[in-house]
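> What follows is a single structure, and I will ask about it in a moment.
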Amino acid sequence: MCHKPKNRAKTMKSISKNRRAFHEYHIEEKFEAGIALRGSEVKILRDSSPSLAESYAMVREGQAWLMNLTIPTLKQASYLNHAERRDRRLLLKRTEIKKLDEATRHKGYTLVPLELYFNDDNRVKVELAVAKGKAGHDKREAQKEKDAKREMSRAVRR
């Protein structure tokens, strides 16, 4: 039997990133979760990118779910196509689910998907974050810091 080497470098092929999440939330803690998909969904993920912008995760009845993830339908599939926007089950350990449930019970905290990717075993994974929503003035301060950093790097290059 062939075993995988233990200290192999982690490689991943990014499918989609939720850039909006970094703008609208303070990221507290990150988790990696598997996601239960249908065959046509995996096939379309290899060709095109889904929309993570409006999606979120929640714990319901002891299971973690990813809501509002939009994966476009496959044009070649006829009646075997999947629904574009459906609840998808996240594959996590029971202790991780309890941890996520406890974290989201606090006011203002939510579970946000940050990235969808294929890991080195070609399995679709989602990176989740426990996040707290930013206020309007926090977003403006972050933008000012970003602009100042950009100006400094321009000045150094000259």
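Numbering (this note's numbering), first residue to last: 54 to 211. Backbone N, C-alpha and C define an ideal beta-carbon position, used for all residues, glycine too. All values reported here derive from a predicted model rather than from experimental measurement.
(1) From the DSSP output, in three-state form, read off G186 for me.
(2) Name the two residues that bound the continuous beta strand (DSSP E) containing A74.
(3) From which residue to which residue does the beta strand (DSSP E) around R113 run?
(4) State the start and end residues of the unbroken beta strand (DSSP E) segment that holds R147.
(5) Give the secondary structure of Y170 by DSSP, where H, G and I count as helix, E and B as strand, and everything else as coil.
(6) Can you list, in chain order, the residues of its chain whose CB lies under 7 Å from that of S67, leaving out five sequence neighbours each side?
(7) Using the DSSP secondary-structure output, state which residues sit across from L144 in a beta bridge.
(8) Can you tell me the Cα-Cα spacing of N175 and G189, whole angstroms?
(9) Give me the Cα-Cα distance between L153 and K128, rounded to the nearest whole angstrom.
(10) Look up R176 in the DSSP assignment and say whether it is helix, strand or coil.
(11) Out of E107, N121 and V165, which has the shortest C-alpha to C-alpha gap to E180?
(12) Using a Cβ-Cβ cut-off of 8 Å (strictly less than) and excluding sequence neighbours within five positions of A89, which residues of its own chain qualify?
(13) Would you mind sorting I80 into buried or exposed? The rule is 16 or more other CB atoms within 10 Å of its CB.
(14) Using 8 Å as the cut-off, can you tell me whether the stretch 120 to 127 makes contact with the stretch 92 to 107, which would need three or more C-beta pairs spanning the two stretches below that distance?
(15) Using CA coordinates, which residue listed in L105, V177, T157 and D191 is at the minimum distance from M111?
Result, derived from the coordinates:
(1) strand
(2) Taken as a continuous stretch (DSSP letters only), A74 belongs to no beta strand (DSSP E), being part of the alpha helix (DSSP H) at R72 to E77.
(3) Y109 to R113 is the extent of the beta strand (DSSP E) around R113.
(4) That residue, R147, is in no beta strand (DSSP E); its alpha helix (DSSP H) goes R147 to T157.
(5) Y170 sits in a strand when the DSSP states are folded into three classes.
(6) The answer, listed in chain order, is E168 and Y170.
(7) G87
(8) The alpha-carbon atoms of N175 and G189 are separated by roughly 39 Å.
(9) 36 Å
(10) coil
(11) V165
(12) If we look at A89 and ignore the five residues flanking it on each side, its Cβ neighbours are R141, R142, L143 and L144.
(13) exposed
(14) Using a Cβ-Cβ distance cut-off of 8 Å, the stretch 120 to 127 and the stretch 92 to 107 are in contact, since at least three pairs of beta carbons, one from each stretch, lie closer than that value.
(15) T157
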